[in-house]
Every structure is written in C-alpha cells, then in structure tokens.
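**Q** Structure provided below as structure tokens; questions to follow.
Residue numbers (this note's numbering), protein chains in the order written: chain R, 60 to 175; chain H, 426 to 535.
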C-alpha cells in the first residue's frame, strides 16, 4: 500500500525547543517537499529536494532545516529560530521526468505542531 | 515569481453547482491543478488541465481555462455535502515547484 506517512499527527513543544517532523514515502519518488499551512494563507513552500543528498530553500526556509540522506525520507527540523512555528505542516512527493513539466504531488496527512 | 489567487469562501446549497475561481500570473505555467483538502488531512489531486486545453470534464467536475485572462475555474455539478472541503488551485512554477493559491473553503448547506 504505497503512500506518504507523517508522524506524529499532533505535536506539542515548548518555546525554544527544536523539533523534528518525520516524512516517509514508499512511492519511489525522487522529489520531496515540505509546506506550511496557516489559515487563509494557503500552502507555503519551506524546502524541497529533487534528489538524494540535495535540497533547496523554498519561500519561507528561515528557522527550518532538512536533510535527504535516503530517497524515502525527508525530515524537517523546526528550530528555535523560527519565530512563529505553530502551524500545520504538510509533506509531499512527486515523480519528475526530466524536461516534462507535469508535477502531480502526493501529500501526507500532515502534522499539527503547537508551540506552547 | 508566480502568484495564484482565489477567493476564500463559497457557500452553496446541496444539489446546486459550485464554481470556484482562480487567477494566476505566470503565462508560461504549463499545467494547472485542482486539489481538495478535507478537514485535518493532506491534499488530494482532483484534476488538472494542460495549458493548451480550454476545458476538461471528469464526471461532476469541469475545469475551464482562459489563458488570455489567466483564469481557471472548477465547476462541481450537483454539489453534495461530501464536497465540503478546501479547494486549492496550483500552477506549475519553476524547477520542481508548484505555487498554490490560498484555498477556497466550500460550504455545502442542506
């Protein structure tokens, strides 16, 4: 049963603590993405990775870090430098074909992070 | 960069048609997508349209694309309570990125 898993579904942390959100996919997709969702603001891209051991900043990368050591895993760390980390975080993946712009992204169920 | 805009809220009665609108700025966007998000869940792709098409129909869903005005719409025929969700328009951006709109919350009333 292929798909993307994110854990945990709900996460609570104290202000000033780093926290790592998990994202795993078994779709054999090359590309993976992290988005942040806030009410009325849609999805904003934090980081993305097109291939193992490579990743790029998205539109709101400050205060976040990622790694891509394995094709199936793309964990996101929310650091204490992120000023307003409470949000819903979504991970996605896609299979890109070089030179072909179609980019259907498959999403995980999301992690709701609350910083107290 | 690409900018994608949608209205935030739409309310329709069960059985009526819903029309959700979206505008985008990058005329080179080759694919445009509609995603659905149910409460507390991730997004699911509903349908997409290639930029050389004007219309695409898939069961109750009709997508219209006006490239000149950079306007995309999603029509849901015979709207049901199960269609209540947030609908996101997205456009192919640079590299591997998609640009998403703010999302339109569709409320279906009895």
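Beta carbons are placed, not taken as given, at the ideal position from N, Cα and C, and that holds for glycine.
Counting only Cβ pairs nearer than 9 Å, list the residues of chain H close to residue 106(R).
**A** On the first chain, position 47 is the one that residue 106(R) refers to. Within chain H, no residue comes near residue 106(R); the closest Cβ sits about 11 Å away, beyond 9 Å.
**Q** Please go through the region 123-175 of chain R and give each complete beta strand (DSSP E) segment of 3 or more residues, from N-terminal end onward.
**A** 123-125, 135-137, 146-153, 170-174
**Q** Between residue 455(H) and chain A, is any beta-carbon pair separated by less than 7 Å?
**A** Looking at the structure shown, chain A is missing, and the protein chains on hand are R and H.
**Q** Quick one, are the C-beta atoms of residue 429(H) and residue 456(H) less than 7 Å apart?
**A** On the second chain, position 4 is the one that residue 429(H) refers to. On the second chain, position 31 is the one that residue 456(H) refers to. No, the Cβ-Cβ distance between residue 429(H) and residue 456(H) is not below 7 Å.
**Q** Using only alpha-carbon positions, find the residue among 72(R), 68(R), 133(R), 154(R) that is nearest to residue 147(R).
**A** Residue numbering aside, residue 147(R) sits at position 88 when the first chain is read from its first letter. It is 68(R) whose Cα lies nearest to the Cα of residue 147(R).
**Q** Which whole-angstrom value describes the C-beta separation of residue 102(R) and residue 525(H), a residue pair presumed to lie in contact below a C-beta threshold of 8 Å?
**A** Taking the first residue of the first chain as 1, we reach residue 102(R) at position 43. Taking the first residue of the second chain as 1, we reach residue 525(H) at position 100. With 8 Å as the limit, residue 102(R) and residue 525(H) qualify as a contact, their Cβ atoms being about 4 Å apart.
**Q** Look up residue 83(R) in the DSSP assignment and give the residues it is bridged to.
**A** In the first chain, residue 83(R) corresponds to position 24, counting from 1. Beta-bridge pairing links residue 83(R) to 64(R), 132(R).
**Q** Taking all protein chains shown into account, do 16 or more other C-beta atoms lie within 10 angstroms of the C-beta of residue 452(H), making it buried, or fewer, making it exposed?
**A** Here residue 452(H) refers to the residue found at position 27 when the second chain is read from its first residue. Counting Cβ neighbours within 10 Å, residue 452(H) comes out exposed, since fewer than 16 surround it.
**Q** Quick check: the Cα distance between residue 162(R) and residue 144(R), rounded to an integer number of angstroms?
**A** Numbered from 1 along the first chain, position 103 holds the residue referred to as residue 162(R). Numbered from 1 along the first chain, position 85 holds the residue referred to as residue 144(R). Those two C-alpha atoms are separated by around 28 Å.
**Q** Taking the beta strand (DSSP E) that residue 480(H) falls in, what are its first and last residues?
**A** Indexing the second chain from 1 puts residue 480(H) at position 55. From DSSP, the beta strand (DSSP E) with residue 480(H) extends over 480-483.
**Q** From which residue to which residue does the beta strand (DSSP E) around residue 443(H) run?
**A** For the purposes of this step, residue 443(H) is identified with residue 18 of the second chain, where counting begins at 1. Here the beta strand (DSSP E) through residue 443(H) covers 443-449.
**Q** Run through the DSSP bridge pairs and tell me what residue 516(H) is partnered with.
**A** For the purposes of this step, residue 516(H) is identified with residue 91 of the second chain, where counting begins at 1. 457(H), 524(H), per the DSSP bridge assignment.
**Q** When the Cα of residue 173(R) is compared with those of 92(R), 88(R), 96(R), which residue comes out closest?
**A** Position 114 of the first chain holds residue 173(R). The option with the nearest alpha carbon to residue 173(R) is 96(R).
**Q** Would you say residue 498(H) and residue 444(H) are within 7 Å of each other, going by their C-beta atoms?
**A** In the second chain, residue 498(H) corresponds to position 73, counting from 1. In the second chain, residue 444(H) corresponds to position 19, counting from 1. With respect to the 7 Å criterion, residue 498(H) and residue 444(H) are classified as neighbours on the basis of their beta carbons.
**Q** What are the start and end residues of the beta strand (DSSP E) that includes residue 533(H)?
**A** For the purposes of this step, residue 533(H) is taken as the residue at position 108 of the second chain. 529-534 is the span of the beta strand (DSSP E), which, as asked, contains residue 533(H).
**Q** Give me the chain H residues within the contact set of residue 163(R), using Cβ-Cβ distance strictly less than 8 Å, ordered along the chain.
**A** Walking along the first chain from the start, residue 163(R) turns up at place 104. Simply 458, 470, 473.
**Q** Are the beta-carbon atoms of residue 90(R) and residue 115(R) separated by less than 7 Å?
**A** The residue given as residue 90(R) occupies position 31 in the first chain. The residue given as residue 115(R) occupies position 56 in the first chain. No, these two residues do not count as a Cβ contact at 7 Å.
**Q** Residue 469(H) bridges to which residues according to DSSP?
**A** Taking the second chain and counting its residues from 1, the one referred to as residue 469(H) is at position 44. Answer is 461(H).
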